[in-house]
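Here the protein sequences come in this chain order: A and B.
UniProt numbering applies: residue 1 is where the first sequence begins, and numbers increase by one.
UniProt numbering applies: residue 1 is where the second sequence begins, and numbers increase by one.
From the three backbone atoms N, C-alpha and C, an ideal C-beta is built for every residue, glycine too.
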Amino acid sequence: MHLSSTTAEPEVESGRTTYRQSVLLGGLAAALVVVALLAAGRGQVPISPAEVAGSLLHRLGLDLGPLPSAVQGENALWLVRFPRVTLAILVGASLGCAGALMQGVFGNPLAEPGVVGVSAGAAVGAAAAIVGGVTFLGNWSTAAAAFAGGVVTTLIVYAMSRANGRTEVVTLVLTGVAVNATAGALLGLLMFLTDDDGVRAIAFWQLGSLAQATWGAAGVALPCAALGLTVAVVCSRKLDLLALGEGPARHLGVDTERLRITAIVATALLTASAVAFTGIISFVGLVVPHLIRMVAGPGHRVLIPASALGGAIVVVLGDLIARTAVDYQELPLGVLTAVVGGPAFFWLLRRTRARAGGWG
Amino acid sequence: MRASGVRVQLGGRYVVDGVDLHADAGELIALVGPNGAGKSTLLAALAGDVRAEGLVEIAGLPIGRHRPAELARLRAVLPQKAVLSFPFTAGEVVRMGRAPWAGRPERAEDEAAVAEAMRQTETTGFARRPFPALSGGEQARVALARVLAQRTPLLLLDEPTAALDLRHQELVLSTARERTRAGAAVVVVLHDLGLAAAYADRVYLLAAGKVRGAGPPAEIFTEELLSEVYQHEVEVLPHPAGGAPLVIPRRLPGVPAQ
């Protein structure tokens, strides 16, 4: 039984972003700035957010705000914390955006690089590059290998989990199980083949951490993330149409073949930028777009940028907790996100199962 | 639109086997026939969704030669079943029908086209409700509104009346009729021969992938032909007012109607 709404005026929602959606995007952007300033100030050398902002503005040539008063404050910021926070922002934005993009292409709210195994595939690529000593691309070698691994895995998952233009939840999740198992075995094999240093490096991939952040790493992740984000934003209108199914999207003029390939490459690019220097941080791409959808609706023009901002906030905050929760020790970030994301995944799975692949 | 020699092979068998068909501006064409006759597959071939032998032309060009965006401004397709992977509102779904016109002068008609389509399908009242929360019949009408909002000169509708009650069935077909008066061509798959007889200019009666009769309903809907095609005895009577054929399956006498 439905209670029909009795709106008198024949109001039809306009195509423009609503007030609520603008507030959401603005709020998320502001929150990200605050969280980033806070995160950069916390650690063994405490620096106030005002001093962090002051240090930033001085480097930009603006004589505003106080400089860090702590001994070694300036160095702590510019050599350790800023690269780390920058990388956290890039990784989080990539993961949030990759999740939203992947869910749009699969037409399934459970698709996420970590869940379906794309992160693991990218990690296998990166680990293979480390173990094999591939360095011909310099700083970019690991990222390039992660990207290659990501593309191959995404294509496999896509080909295996689709039938008749749809992806059923069960098929998708089982494909993810199979891909994650295979990738785990390959990582194990690589660990067996390599020396102690290699083992430590691969173990680091599996846990996920921002401890090895450098400006060099951020410099590689930035173009990957920027390109992937741009492509995702450009595709956002077409992704909306894809929610109607592949046939109807094509009837509305979407070149679905091209959209699919573009989105898969963009997902792999985003995942590579997230995984190459930090390892597997799962569930960010699952939980963040879901929360955004609850607030702003499923339209991808808001969902994609908002998921990127939300993902960045989550990873910056998560990393802050990971490195400050226990004195002189660092929790692995991937473990931390999984502790929150795992139960959220359970809940989503229960909700979605009832609808046999759909979403309501 | 015209099609000639259309054959579609599915699972090693010709589901549509040598169909010639044309639909001109201002015509409402009904595809009728028993289950498995190939009506929906033929419509899919006309929409360019399945690989078909033969020729399907829209606006004088084979459909394969149109770019997807161009084709979307020429023809709209209503699928048999509406699905939606994310909970967009009904209004947002109808607005998606305007996507092919983005960045063109016709974009100025967006608001009007959406409002008109929702009014015609009587869906304006639930514009703000999420599509998945609507009943089957409401979803079917929203899907139709999306197709109408596309404002194309050719409409291909696959069983638009299947999930609808009597009143809304009439509403859908009279809306389609209105479109033809405005110069559009409509090809619609129908199960209800009464509706086809009342609204179609011409019908194509299909059986086993072949056209068994094509022409005005009064000429095609004969007791002999329908009884053979449907493998069930039928009676055809002229409607007391207007004379459109009424098709009634023959039932065993004395079977209680409780």
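List the DSSP bridge partners of T89(B). Position 89 of the second sequence, counted from the first residue, corresponds to residue 89(B). Answer is P130(B), bridged to T89(B).
Identify, in the order they occur along the chain, each residue of the same chain with its Cβ nearer than 8 Å to the Cβ of A23(B), setting aside the five sequence neighbours on each side. Translated into positions along the second sequence, residue 23(B) becomes position 23. Closer than 8 Å at the Cβ level, and outside the excluded window around A23(B), lie M1, R2, I29, L154, A185, V186, V187.
Check each candidate in F346(A), S307(A), G341(A) and name the one with the smallest Cα separation from I89(A). The count along the first sequence starts at 1 and reaches residue 89(A) at position 89. When F346(A), S307(A), G341(A) are compared, the shortest CA-CA separation from I89(A) is found for S307(A).
Please give me, in chain order, every unbroken run of the alpha helix (DSSP H) with length at least 4 that falls completely inside the stretch 30–75 of chain A. 49–59
When the Cβ atoms of the stretch 49–64 of chain A are set against those of the stretch 72–79 of chain A, are three or more pairs found closer than 8 Å? Counting Cβ pairs under 8 Å, three or more are found: they touch.
In the DSSP assignment, find the unbroken alpha helix (DSSP H) run with D110(B) in it and report its ends. For the purposes of this step, residue 110(B) is taken as the residue at position 110 of the second sequence. 110–120 is the span of the alpha helix (DSSP H), which, as asked, contains D110(B).
At 7 Å on the CB atoms, spell out the chain B contacts of V254(A), in chain order. The residue given as residue 254(A) occupies position 254 in the first sequence. The contacting residues are P68.
Contact with chain A by L1(B), beta-carbon distance below 8 Å: Locating residue 1(B) in the second sequence gives position 1, counting from the first residue. Checking the sequence, you will find Met at residue 1(B) rather than Leu. So, not an interface residue.
Mind reading off the beta-carbon distance from residue 367(A) to A146(A)? Whole number of angstroms is fine, and I expect it under 8 Å. Outside the displayed span of chain A (1 to 360) sits residue 367(A), for which this structure offers no information.
According to DSSP, is S135(B) part of a helix, a strand, or is it coil? Position 135 of the second sequence, counting from 1, holds the residue named residue 135(B). Look at S135(B) here: in three-state DSSP terms it is coil, with no helix or strand label.
Using DSSP with H/G/I as helix, E/B as strand and the rest coil, what is R202(B)? Translated into the one-based positions of the second sequence, residue 202(B) becomes position 202. DSSP places R202(B) in strand when its eight states are reduced to three.
Helix, strand or coil for K210(B)? Go by DSSP, reduced to three states. The residue labelled residue 210(B) in the question sits at position 210 within the second sequence. In this structure, K210(B) counts as strand in the three-state DSSP scheme.
Of all the options G188(A), A159(A), M191(A), F192(A), which has the alpha carbon lying nearest to the alpha carbon of G176(A)? Within the first sequence, the letter at position 176 stands for residue 176(A). Cα-wise, what sits closest to G176(A) is A159(A).
Would you list, in sequence order, the uninterrupted alpha helix (DSSP H) runs of no fewer than 4 residues that lie entirely inside the stretch 213–249 of chain A? List check, alpha helix (DSSP H) in window: 215–242.
Please report the residue range of the beta strand (DSSP E) in which G18(B) lies. Taking the first residue of the second sequence as 1, we reach residue 18(B) at position 18. G18(B) -> beta strand (DSSP E) spans 13–22.
Does any residue of chain B have a CB that is nearer than 8 Å to the CB of H290(A)? In the first sequence, the residue the question calls residue 290(A) occupies position 290. Chain B, which has no Cβ nearer than 8 Å to the Cβ of H290(A), makes this no.
Neighbour list for R237(A) in chain B, Cβ cutoff strictly below 8 Å: As a first step, residue 237(A) is located in the first sequence; it is residue number 237 there, counting from the start. What R237(A) touches in chain B: A99, A102.
If you draw a straight line from the alpha carbon of L67(A) to that of V302(A), how long is it in whole angstroms? Position 67 of the first sequence, counting from 1, holds the residue named residue 67(A). Position 302 of the first sequence, counting from 1, holds the residue named residue 302(A). If you take the alpha carbons of L67(A) and V302(A), they lie about 37 Å apart.
Listed by chain order, chain B residues near P298(A) by CB distance under 8 Å: The count along the first sequence starts at 1 and reaches residue 298(A) at position 298. Within 8 Å Cβ-Cβ: F86, P87, F88.
Take G117(A) and list the residues in its own chain whose beta-carbon comes closer than 7 Å to its own, dropping the five residues that flank it on each side. By one-based count along the first sequence, residue 117(A) stands at place 117. T153, V157, G176, V179, N180, A183.
Neighbour list for L349(A) in chain B, Cβ cutoff strictly below 8 Å: For the purposes of this step, residue 349(A) is taken as the residue at position 349 of the first sequence. Chain-order list of chain B residues neighbouring L349(A): empty, with the shortest C-beta distance near 16 Å, by a criterion of under 8 Å.
Would you identify the three-state DSSP class for D196(A), choosing helix, strand or coil? On the first sequence, residue 196(A) is found 196 positions in, with the first residue counted as 1. The answer is helix: DSSP assigns D196(A) an H, G or I state.
So does the stretch 109–125 of chain B actually touch the stretch 41–52 of chain B, counting three or more Cβ pairs closer than 8 Å? no
Taking the CB atoms as reference points, tell me whether V150(A) and A232(A) lie closer together than 8 Å. Position 150 of the first sequence, counted from the start, is the residue given in the question as residue 150(A). Position 232 of the first sequence, counted from the start, is the residue given in the question as residue 232(A). Reading off the sequence shown, one finds Gly at residue 150(A), where the question assumed Val. For G150(A) and A232(A), no; Cβs fall outside 8 Å.
Hey, which unbroken runs of the alpha helix (DSSP H) at 4 residues or more fall wholly within the stretch 281–360 of chain A? 284–296, 300–324, 333–353
Within 10 angstroms of its Cβ, does S69(A) collect 16 or more other Cβ (buried), or is it exposed? On the first sequence, residue 69(A) is found 69 positions in, with the first residue counted as 1. Per the 10 Å Cβ criterion, exposed.
Along the chain, which unbroken stretches of the alpha helix (DSSP H) at least 4 residues long are found entirely within the stretch 134–167 of chain A? As far as the stretch 134–167 of chain A is concerned, its whole alpha helix (DSSP H) runs of at least 4 residues are 141–161.
With distances taken Cα to Cα, identify the nearest neighbour of A122(A) among S94(A), I280(A), P83(A). Residue 122(A) sits at position 122 when you count from the first residue of the first sequence. Ranking S94(A), I280(A), P83(A) by Cα distance to A122(A) puts I280(A) first.
Continuous alpha helix (DSSP H) stretch holding R7(B): start and end: Numbered from its first residue, the second sequence carries residue 7(B) at position 7. Run containing R7(B): none in the alpha helix (DSSP H); it sits in the beta strand (DSSP E), 2–10.
Span of the alpha helix (DSSP H) holding I130(A)? If you number the first sequence from 1, residue 130(A) lands on position 130. Here the alpha helix (DSSP H) through I130(A) covers 118–131.
Locate the alpha helix (DSSP H) running through E70(B), then write down its first and last residues. Reading the second sequence from its first residue, position 70 is the one you call residue 70(B). Run containing E70(B): 68–74, per the alpha helix (DSSP H) assignment.
Check whether the stretch 240–252 of chain B touches the stretch 206–223 of chain B, counting contact only when three or more Cβ pairs, one atom from each stretch, lie closer than 8 Å. yes
Taking buried to mean at least 16 other C-beta atoms within 10 Å of its own C-beta, is F106(A) buried or exposed? The residue labelled residue 106(A) in the question sits at position 106 within the first sequence. Per the 10 Å Cβ criterion, buried.
Identify whether V275(A) lies in helix, strand or coil by the three-state DSSP scheme. As a position in the first sequence, residue 275(A) is number 275, starting the count at 1. If DSSP states are grouped into helix, strand and coil, V275(A) belongs with the helices.
So which residues of chain B does L110(A) contact, with C-beta pairs closer than 8 Å? In the first sequence, the residue the question calls residue 110(A) occupies position 110. Result: empty, since nearest Cβ-Cβ is about 11 Å, beyond 8 Å.
Across the stretch 281–289 of chain A and the stretch 244–258 of chain A, are there enough close Cβ pairs to call them in contact, namely three or more that are closer than 8 Å? Result no; under three Cβ-Cβ pairs closer than 8 Å.
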